[in-house]
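Novice: Right, I'll just put the structure down here and ask away after.
Here it is as structure tokens:
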């Protein structure tokens, strides 16, 4: 297996990529797997939170949270809109699903911060964006939680989906943070690239937003605001520093 690694920006605006052999990437994966021991207790293997889930989108936060359990985490939370809570709870008894805010309300941002912050201080990592929606107060709350987790608590943070829409509009939220990973598909990558490197030349024909997720993941430049990992087969998740992991199979639609 080979993994292609790309960066968002380089000083010369040139596009750069390198192929990482799986023998190199596998060592990074092995370091992520916690050793099993009878001395360990529940939660030591990983406590992960997912901020996302709205009336329209309930599958994405479920898959994000459930996948953390499948790769070894012990506990996984979903912090979602009230209107998404029951649906996500029905998908799995293994997730802790917390209605953190009322979407459409003007105080959604304050609700999110108030209800999620105490949990965030117990987490080992946070995912922001799956199924979040683009309601302005909700995005403001997500921005506050992203800042809390990435800057104050120094947690590893993954930003996906509507979280990337937020970052494309406010790139300073994650600029210079090595503990934040962005996982865009091709159109999301194009928006991020335009926001971070507006002077960069357009991608070659066939590699634009409609050119496919794998093609989009190969584009880019290295003054990235944060680590960026390409999304979509056949390109596996990778960081500009060379760490890599195999991509799990994906099912479409909500469970």
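Residue numbers (my numbering): 17 to 271. Just so it is clear, CB atoms sit at the ideal spot from N, CA and C, and this is done for glycine as well. Just so you know, these numbers come straight off a predicted model, no measurement behind them.
(1) Counting only the same chain and skipping the five closest in sequence on each side, list residues whose C-beta sits under 6 Å from that of residue 64.
(2) From residue 226 to residue 203, what does the alpha carbon distance come to, in whole angstroms?
(3) I need the straight-line Cα distance from residue 7 to residue 169, nearest angstrom please.
(4) Taking C-beta to C-beta, are residue 113 and residue 143 nearer than 8 Å?
(5) Secondary structure at residue 201, three-state DSSP: helix, strand or coil?
(6) Below 8 Å, how does it come out for the segment 117-132 and the segment 151-167: are there three or more Cβ pairs, yes or no?
(7) Do residue 145 and residue 68 count as a contact pair if the criterion is CB distance below 8 Å?
(8) I believe residue 119 touches residue 74 by the beta-carbon criterion, under 8 Å. Please report the beta-carbon distance rounded to the nearest angstrom.
(9) Excluding the 5 residues flanking residue 135 on each side, which residues of the same chain have their C-beta closer than 8 Å to its C-beta?
(10) On the DSSP bridge assignment, give the partners of residue 212 in chain order.
(11) Report the rounded CA-to-CA distance for residue 48 versus residue 86, giving the unit in angstroms.
(12) Do you know how far the Cα of residue 54 is from the Cα of residue 208?
(13) Assuming the contact rule is C-beta atoms closer than 8 Å, residue 173 and residue 196 should be a hit. Round their C-beta distance to whole Å, please.
(14) Compute the minimum distance between the beta carbon of residue 86 and the heavy atoms of the ligand MG, and state whether it is under 7 Å.
(15) Measuring only the C-alpha atoms, how far is residue 150 from residue 178?
(16) Just to confirm, are residue 79 and residue 108 a CB contact at a threshold of 8 Å?
(17) Tell me, which residues are paired with residue 154 by DSSP?
(18) Report the three-state DSSP secondary structure of residue 75 (helix, strand or coil).
(19) What residue range is occupied by the uninterrupted alpha helix (DSSP H) comprising residue 112?
(20) May I ask which residues mark the beginning and end of the beta strand (DSSP E) holding residue 170?
(21) Spatial neighbours of residue 176 within its chain, please: CB distance less than 6 Å, with the 5 preceding and 5 following residues excluded, ordered by chain position.
(22) On the premise that residue 189 lies in contact with residue 163, defined as a C-beta separation below 8 Å, what is that separation, rounded to the nearest angstrom?
Specialist: Looking at the coordinates:
(1) Here residue 64 is taken as the residue at index 48 of the chain shown, counted from 1. Correct list, in chain order: 84, 89, 92, 141.
(2) Taking the first residue of the chain shown as 1, we reach residue 226 at position 210. Taking the first residue of the chain shown as 1, we reach residue 203 at position 187. Model confidence at residue 226 stands at a pLDDT of 45, short of 50, so the residue's coordinates are unreliable; what they give is reported in the following sentence. Rounded to whole angstroms, residue 226 to residue 203 spans 7 Å at the Cα level.
(3) The requested residue 7 is not part of the displayed model; the chain covers only 17 to 271.
(4) To locate residue 113, count along the chain shown from 1; it is residue 97. To locate residue 143, count along the chain shown from 1; it is residue 127. Their beta carbons are not under 8 Å apart, which means residue 113 does not touch residue 143 by this criterion.
(5) Within the chain shown, the letter at position 185 stands for residue 201. The answer is coil: DSSP assigns residue 201 none of H, G, I, E or B.
(6) yes
(7) Taking the chain shown and counting its residues from 1, the one referred to as residue 68 is at position 52. Taking the chain shown and counting its residues from 1, the one referred to as residue 145 is at position 129. Their beta carbons are under 8 Å apart, which means residue 68 touches residue 145 by this criterion.
(8) Within the chain shown, numbered from 1, the residue matching residue 119 stands at position 103. Within the chain shown, numbered from 1, the residue matching residue 74 stands at position 58. Rounded, the Cβ-Cβ distance is 12 Å, inconsistent with contact.
(9) As a position in the chain shown, residue 135 is number 119, starting the count at 1. Contacts found: 65, 93, 95, 114.
(10) Position 196 of the chain shown holds residue 212. Bridge partners of residue 212: none, in fact.
(11) Along the chain shown, read from residue 1 onward, the residue named residue 48 stands at position 32. Along the chain shown, read from residue 1 onward, the residue named residue 86 stands at position 70. Cα to Cα, the separation comes out at about 13 Å.
(12) Sequence index remark: in the chain shown, residue 208 carries index 192 (1-based). Sequence index remark: in the chain shown, residue 54 carries index 38 (1-based). Cα to Cα, residue 208 sits roughly 45 Å from residue 54.
(13) One-based indexing of the chain shown puts residue 173 at position 157. One-based indexing of the chain shown puts residue 196 at position 180. Sure, about 5 Å apart at Cβ, within 8 Å.
(14) The ligand MG is absent from the structure shown, which contains no ligands of any kind.
(15) Your numbering for residue 150 matches position 134 in the chain shown. Your numbering for residue 178 matches position 162 in the chain shown. If you take the alpha carbons of residue 150 and residue 178, they lie about 7 Å apart.
(16) The sequence position of residue 79 within the chain shown is 63, counting from 1. The sequence position of residue 108 within the chain shown is 92, counting from 1. Result no, Cβ atoms of residue 79 and residue 108 do not sit closer than 8 Å.
(17) As a position in the chain shown, residue 154 is number 138, starting the count at 1. According to DSSP, which records beta bridges pairwise, residue 154 is partnered with nothing at all.
(18) Your numbering for residue 75 matches position 59 in the chain shown. Correct three-state label for residue 75: helix.
(19) In the chain shown, the residue the question calls residue 112 occupies position 96. Residue 112 -> not in any alpha helix (DSSP H); beta strand (DSSP E) instead, spanning 112-117.
(20) Residue mapping note: residue 170 aligns to position 154 of the chain shown, counting from 1. Per DSSP, residue 170 belongs to no beta strand (DSSP E) and is neither H nor E.
(21) Counted from its first residue, the chain shown places residue 176 at position 160. Excluding sequence neighbours, residue 176 sits near 145, 146, 199.
(22) Position 147 of the chain shown holds residue 163. Position 173 of the chain shown holds residue 189. Indeed they touch by this definition, with Cβ atoms about 6 Å apart.
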